[in-house]
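Chains as they are written, first to last, in the numbering used here: chain X, 234 to 735; chain D, 2 to 247.
Ideal Cβ positions, reconstructed from N, Cα and C, are used throughout, including at glycine.
Written out as structure tokens, the structure reads:
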């Protein structure tokens, strides 16, 4: 049967006069979109993902990528993407796989929130001349502090819970070795060390090369329990239980056997070539009481020396669930919003399940305050933190810190071509192929991620200084320093934010 | 060294065990254990721990090396995510025994509960093994990715007429379950099927059962003198055709 085959998304335009036939573009294209035919570079538009690798590597700037000039007839509801998806599924009868974050909902509430600054009545602070504190402690804080006088000295009588000390309120998110390359993992770990923050192991265990950085790594325990053993738990700065993630709330994960190389099999402790299947739930957690049991087992395992975090996707009942998680003994709750990125997820889940991080964060912070247990746990927000403005707004909405995933990968060279699931990342990030991996230098990559974190830290200080605040602690949950612009009444009410001008 | 658990909180009991191990004690006897959780959690090395009474949930969780013997019944989560070592239960085990276990052995004299051996996995020489002398509840070996489970049905304290519950080995993609006797096909979940034992299977099963019989003082010949059924996955990549992108 003749079927219309969908129009390629991009057109590779090669300037034949400028091209000096060096074939560098062909060597660099990991998607097979460029081939050597009849003594010239031939482009196969349907394979191009616009990852920009060839454009960057061409010494003559002879390649340009354009959106395909040939268009389908326009329809406001049956968009090209909607039609493409139906074509694909009618051919294959399979679940559509996607990478990166939600593409269906373009609106980001952070963009409708405005920060405050001082004018006349209270002085702004110049961060270049006065100290501004960004240091953040993640973990349970005591309700009150008891001191004991011992002759001339004073001793802290209250027993403190273990806490993570972060020099900046920005952490690097959980991305597994397997989803990303060892080089990417190492670059992120090095960057975390350089900036005094943490990165996450993801659920794929920890390669032995990463152990030297483990005091800046939060080791994850997910439903598949891949690579979880005593040395791993004891090595990390903290342990994070992953219940869910923003890009795929409520579902498990399948790392295809084709991606289980020898090194990945070692870190995950599973056979080469077999699918690594993470069940949707933890089968030892069917209730808050069961979660408490896992949290306590991890505290026992690490002899009460490390904070235990619990990560959930932002879903409808996130506030009530978070209250339960707090009462289950979690030292921090990580809330991952519905725009969060991923290496691979069913598209229908990515685009349709979960709620925005801004609303989830505000409602969790509010709920824990109302119940008088906000001090019992820290809140970490993630899922599209794109710049320092988003960081400041998330903190003002109630977060103790934020986590960044996609932003850190972009710092490593990711161009958001959204093909992580293919394992062919031309920039050496979401791939396990040795030739592609060698394109990413972990030391240089770490420097770039570190630069990004440094830049955001300086900007955060500018934001705080402008607001006349000299410590990030004073911005935390300080929604009075936010105003909503173009937001409806109900949204503002949930955010606990006044409209601009009021 | 002897520690009386009595009504101590698990935190205190486990701290005492931890301190003893830190001090170099290699053999411990815990008496009057009353449901204290997380005993032997994350302990490593060649330790011998005897438990009298009923240990609580997650006995031997994350454990890597010790031999724990329970003279009584155990509760849920025995050997949860354990790496290596041995857990011997002279009574019954309960739910999620051997959850995500990646090595070592769990020998149970009697019955085991629901969701036993879920997501067990093998890595090189680490092959987790569970043997239950009695009945096993529903969802045995769900998501099983490696290792060996043997269910004998000979010490059936629950007086169940069948050796296995329902939904056995749903989503299994590695490892094998051996059952003494016949298994009705309707007991199996998606992804698993019954196979005849190969000569290698018979050797492997007999080797494990020899050790099991020694532990509990049973006659090996009368235990192996029966038909065994093997339940194994149809594919190591059950979801290979589940996804598409373009």
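By how many angstroms is the C-alpha of residue j removed from the C-alpha of residue i?
i: residue 358 (chain X); j: residue 367 (chain X); result: 14 Å
i: residue 473 (chain X); j: residue 428 (chain X); result: 21 Å
i: residue 492 (chain X); j: residue 233 (chain D); result: 23 Å
i: residue 516 (chain X); j: residue 97 (chain D); result: 8 Å
i: residue 216 (chain D); j: residue 88 (chain D); result: 11 Å
i: residue 746 (chain X); j: residue 435 (chain X); result: Only positions 234 to 735 of chain X appear in the structure, and residue 746 (chain X) is not among them; the question remains open.
i: residue 701 (chain X); j: residue 353 (chain X); result: 11 Å
i: residue 53 (chain D); j: residue 465 (chain X); result: 31 Å
i: residue 287 (chain X); j: residue 278 (chain X); result: 13 Å
i: residue 342 (chain X); j: residue 76 (chain D); result: 48 Å
i: residue 528 (chain X); j: residue 443 (chain X); result: 24 Å
i: residue 345 (chain X); j: residue 718 (chain X); result: 5 Å
i: residue 616 (chain X); j: residue 590 (chain X); result: 7 Å
i: residue 1 (chain D); j: residue 174 (chain D); result: In this structure chain D extends from 2 to 247, so residue 1 (chain D) is not present and cannot be described.
i: residue 649 (chain X); j: residue 125 (chain D); result: 37 Å
i: residue 667 (chain X); j: residue 260 (chain X); result: 14 Å
i: residue 622 (chain X); j: residue 693 (chain X); result: 8 Å
i: residue 502 (chain X); j: residue 123 (chain D); result: 7 Å
i: residue 349 (chain X); j: residue 143 (chain D); result: 54 Å
i: residue 375 (chain X); j: residue 661 (chain X); result: 44 Å
i: residue 468 (chain X); j: residue 686 (chain X); result: 24 Å
i: residue 213 (chain D); j: residue 593 (chain X); result: 52 Å
Using a beta-carbon distance below 8 Å, is residue i in contact with chain D?
i: residue 516 (chain X); result: yes
i: residue 321 (chain X); result: yes
i: residue 310 (chain X); result: no
i: residue 508 (chain X); result: yes
i: residue 489 (chain X); result: yes
i: residue 534 (chain X); result: yes
i: residue 552 (chain X); result: no
i: residue 502 (chain X); result: yes
Can you name the residues that DSSP bridges to residue i?
i: residue 53 (chain D); result: D:72
i: residue 569 (chain X); result: X:546, X:615
i: residue 35 (chain D); result: D:55
i: residue 328 (chain X); result: D:244
i: residue 234 (chain X); result: DSSP lists no partner for residue 234 (chain X).
i: residue 5 (chain D); result: D:32
i: residue 233 (chain D); result: D:194
i: residue 341 (chain X); result: In DSSP, residue 341 (chain X) forms no bridge with anything.
i: residue 732 (chain X); result: X:717
i: residue 394 (chain X); result: Beta-bridge pairing links residue 394 (chain X) to no other residue.
i: residue 270 (chain X); result: X:273
i: residue 175 (chain D); result: D:146
Closest Cβ-Cβ distance between residue i and chain X: below 8 Å?
i: residue 47 (chain D); result: no
i: residue 126 (chain D); result: no
i: residue 167 (chain D); result: no
i: residue 68 (chain D); result: no
i: residue 87 (chain D); result: no
i: residue 1 (chain D); result: As displayed, chain D neither begins before 2 nor continues past 247, which places residue 1 (chain D) out of reach and without an answer.
i: residue 62 (chain D); result: yes
i: residue 30 (chain D); result: no
i: residue 175 (chain D); result: yes
i: residue 27 (chain D); result: no
i: residue 241 (chain D); result: yes
i: residue 194 (chain D); result: no
i: residue 147 (chain D); result: yes
i: residue 238 (chain D); result: yes
i: residue 95 (chain D); result: no
Given 8 Å, three or more beta-carbon pairs between the region 496-510 of chain X and the region 407-427 of chain X: yes
- Task: At 3 residues or longer, and completely inside the region 420-463 of chain X: list those beta strand (DSSP E) runs for me, N to C.
- Result: 450-454
Which complete alpha helix (DSSP H) runs does the region 573-645 of chain X hold, if anything under 4 residues is left out?
580-585, 590-603, 621-629, 639-644
What ranges does the beta strand (DSSP E) occupy inside the region 483-542 of chain X, keeping only unbroken runs of at least 3 residues that lie completely in it? 486-488, 509-511
- Task: Counting only runs of 3+ residues fully inside the region 279-304 of chain X, write out the beta strand (DSSP E) ranges in chain order.
- Result: 296-300
| query | What are the complete beta strand (DSSP E) segments, minimum 3 residues, inside the region 179-214 of chain D? | reply | 193-196
Practice task
Taking 8 Å as the threshold, find out whether the region 588-604 of chain X comes into contact with the region 551-560 of chain X through three or more Cβ pairs.
Solution key: yes
| For the region 333-348 of chain X against the region 639-653 of chain X, are there 3 or more C-beta pairs whose distance is under 8 Å? | yes
Three Cβ pairs or more, each shorter than 8 Å: is that satisfied between the region 359-379 of chain X and the region 392-406 of chain X? yes
inquiry  = Across the region 541-558 of chain X and the region 475-482 of chain X, are there enough close Cβ pairs to call them in contact, namely three or more that are closer than 8 Å?
reply    = yes
Assess contact between the region 45-59 of chain D and the region 72-86 of chain D, defined as three or more Cβ pairs (one per stretch) separated by less than 8 Å. Is contact present?
yes
Pairing CB atoms from the region 251-269 of chain X with CB atoms from the region 612-626 of chain X, are three or more of them under 8 Å? no
Under 8 Å, with one C-beta from each stretch per pair, do the region 25-32 of chain D and the region 43-52 of chain D reach the 3-pair mark?
yes
Would you call the region 376-383 of chain X and the region 704-717 of chain X touching, i.e. three or more CB-CB distances under 8 Å? no
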